[in-house]
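Numbering of the sequence shown is given in our numbering, commencing with residue 283 and proceeding in unit increments. Just so you know, even glycine gets a beta-carbon here, dropped at the ideal spot from N, CA and C. Working notes, beginning with the structure itself.
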Amino acid sequence: MEEATILIIDDEQSYLDTISKILQPKNYNILQAINGKMGCIVAEKFLPDIIIVDWEMPELNGIDTIKYLKSKPETQDIPIIMSTGIMTAVENLETALNAGAVDFLRKPIDAIELTARLNSMLKLARSYKENLIQRKKLA
């Protein structure tokens with residue numbers, strides 16, 4: 283199985299370090315961005331397999347980051363997981379999902395939960411890519 287690339291977008295360096303440390307043994311290629319604006323640039327340049335984005339950030343918040351990425355053909359199909367320690371009510375989950383997030387993680391992040399969700403998302407992302415390739419071959 284090819285190495286997966288995961289982009290983590292968060293303005294807290296300690297959070298970026300924590301997630302990177304959790305994922306490091308899995309041999310993922312980890313990309314980091316310290317705000318939504320930078321995250322969009324990194325996503326468009328490297329086209330990661332999955333994006334984890336924080337809700338509250340300077341420059342471009344998580345919801346607007348998701349909306350931007352979902353509006354671009356190159357990044358619209360990348361699964362995005364919203365993470366937050368503040369916006370945890372059901373209404374917030376609905377807002378994130380309506381913006382285009384496919385899942386939601388509450389901070390502090392649990393290592394087992396994070397790994398399980400990423401594994402599920404990677405399987406879905408790979409399946410989607412395989413189906414897309416097959417459809418292009420048939421077209």
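Taking 8 Å as the threshold, find out whether the region 301-309 comes into contact with the region 338-351 through three or more Cβ pairs.
-> Counting Cβ pairs under 8 Å, fewer than three are found: no touch.
Looking only at DSSP bridge pairs, what is Ser302 linked to?
-> Mapped onto the sequence shown, residue 302 falls at position 20. DSSP output for Ser302 lists no bridge partner at all.
Reducing DSSP to helix, strand and coil, say where Thr366 ends up.
-> Numbered from 1 along the sequence shown, position 84 holds the residue referred to as residue 366. In the structure shown, Thr366 adopts extended strand secondary structure according to DSSP, grouped into three states.
Exposed or buried, Ile360, counting other C-beta atoms within 10 Å across all chains shown (16 or more means buried)?
-> Reading the sequence shown from its first residue, position 78 is the one you call residue 360. Classification for Ile360: buried.
Which runs of the alpha helix (DSSP H) fall wholly inside the region 315-357 and span at least 4 residues, in chain order?
-> For the region 315-357, whole alpha helix (DSSP H) runs of length 4 or above, ordered along the chain, are 318-328 and 344-353.
Cβ neighbour criterion (16 or more within 10 Å) applied to Ala421 = Residue 421 sits at position 139 when you count from the first residue of the sequence shown. Exposed is the call here.
Of all the options Glu373, Ile368, Thr377 and Val372, which has the alpha carbon lying nearest to the alpha carbon of Ile348?
-> For the purposes of this step, residue 348 is taken as residue 66 along the sequence shown, with counting starting at 1. Comparing Cα positions, the closest option is Thr377.
Own chain partners of Gly382 with C-beta closer than 7 Å, once the 5 adjacent residues on each side are dropped = If you number the sequence shown from 1, residue 382 lands on position 100. Hits under 7 Å: Ile348, Lys349, Lys352 and Ile362.
Backbone secondary structure at Ile391 - three-state DSSP = Taking the sequence shown and counting its residues from 1, one reaches residue 391 at position 109. Of the three classes helix, strand and coil, the one that applies to Ile391 here is coil, per DSSP.
From this set, Ile312, Ala398, Leu329 and Gln314, which residue's C-alpha is nearest Pro356's C-alpha?
-> Position 74 of the sequence shown, counted from the start, is the residue given in the question as residue 356. The question names Pro, but residue 356 in the sequence shown is Glu. The residue among Ile312, Ala398, Leu329 and Gln314 with its C-alpha nearest the C-alpha of Glu356 is Leu329.
Unbroken alpha helix (DSSP H) run spanning Asn374, endpoints = Residue 374 sits at position 92 when you count from the first residue of the sequence shown. Start and end: Val372 to Ala381.
Can you give me the start and stop residues for the beta strand (DSSP E) that Ile291 sits inside?
-> The residue given as residue 291 occupies position 9 in the sequence shown. Unbroken beta strand (DSSP E) run through Ile291: Thr287 to Ile291.
Classification of Ser365 by the beta-carbon crowding that lies within 10 angstroms, buried from 16 upward = Looking up residue 365 in the sequence shown gives position 83. Buried, by the Cβ-count rule.
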